Amino acid sequence: ADRQYQGLTLTVDYRPTAKWNVGGNWTHSWTRGNYEGEGRNTPSSGSIIGTYERSVNQSMAVPFGFLDEDVRDRGNAFGAYRFDWGRNGALALGGVLTYQSGFNWSKTGSLAYGADPQGVYLNNTGSYTAFYDGRGNNRFNGWWAFSVSARYQIPIYKRLDGWIKFNVVNVLNNDA
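To convert a position in the sequence shown, counted from 1, into this note's numbering, add 168.
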């Protein structure tokens with residue numbers, strides 16, 4: 169079993185004034201290997217690695233390639249501004265632009281275990297997942313969304329404040 173991860177993350181946080189904040193982050197990474205680990209919604213699932221090795225086409229069962237966790241690029245850009253009105257409260261307005269490149273996918277199918285040419289296995293019934301064109305060689309499209317928020321903070325007593333907040337996720341309704 170082999171898993172490799174390489175990544176580079178950049179982060180920016182700029183505060184020109186005490187009321188204004190802008191920033192963002194970007195991660196570019198690669199996740200490659202021949203072993204996924206636990207699958208989605210399948211805790212403690214096993215692996216084909218080492219199972220009936222003579223009855224399995226190893227190049228189709230455990231190819232080295234891009235794993236499910238491989239998302240090449242992820243980024244966020246954000247900004248917030250606070251309007252402070254003293255005893256009348258404060259209003260904070262903010263926005264976040266999110267981008268993520270598409271997930272990969274593989275052309276797979278279920279294959280039955282083949283006959284053991286040396287007759288070592290007594291019972292090799294069942295099937296395994298075969299990768300027909302390698303692991304993770306296909307990609308879905310990336311997606312992005314822009315979200316905004318508004319929070320009004322109300323002074324109640326000394327350092328005790330109350331607040332009400334409104335969020336609108338994916339304001340531009342990007343349905344990629």
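Ideal Cβ placement from N, Cα and C applies to all residues, glycine included. Just so we're clear, the structure is a prediction, and the values are computed from it rather than from any experiment.
| Query | Result |
| --- | --- |
| Residues near G233 by beta carbon distance below 6 Å, same chain, minus five either side | G302, R303, G304 |
| Beta strand (DSSP E) segments (min. 3 residues) lying fully within the stretch 184-257 | 188-201, 241-252 |
| Residue from Y296, S223, P323 with nearest C-alpha to G254 | P323 |
| Assumed close pair G192, G243 - CB separation to whole angstroms, cut-off 8 Å | 7 Å |
| Per-residue burial, G330 [other beta carbons within 10 Å of its own, 16 or more giving buried] | exposed |
| Option nearest D238 by Cα separation, candidates S295, W194, Q172, S278 | Q172 |
| A298 beta carbon near the ligand PLP (any heavy atom closer than 8 Å) | As for the ligand PLP, it is missing from this structure, which has no ligand bound. |
| Assumed close pair N225, A298 - CB separation to whole angstroms, cut-off 8 Å | 7 Å |
| Identity of the residue in N209, I217, L176, V180 nearest T199 by Cα | L176 |
| Through-space distance from G257 to N202, alpha-carbon basis | 56 Å |
| Where A186 falls, given that 16 or more other Cβ within 10 Å makes a residue buried | exposed |
| Element boundaries [beta strand (DSSP E), containing K333] | 328-336 |
| First through last residue of the beta strand (DSSP E) which encompasses S315 | 311-325 |
| Three CB pairs or more closer than 8 Å across the stretch 325-342 and the stretch 272-281 | no |
| CA-to-CA distance, G247 to N189, given in whole angstroms | 6 Å |
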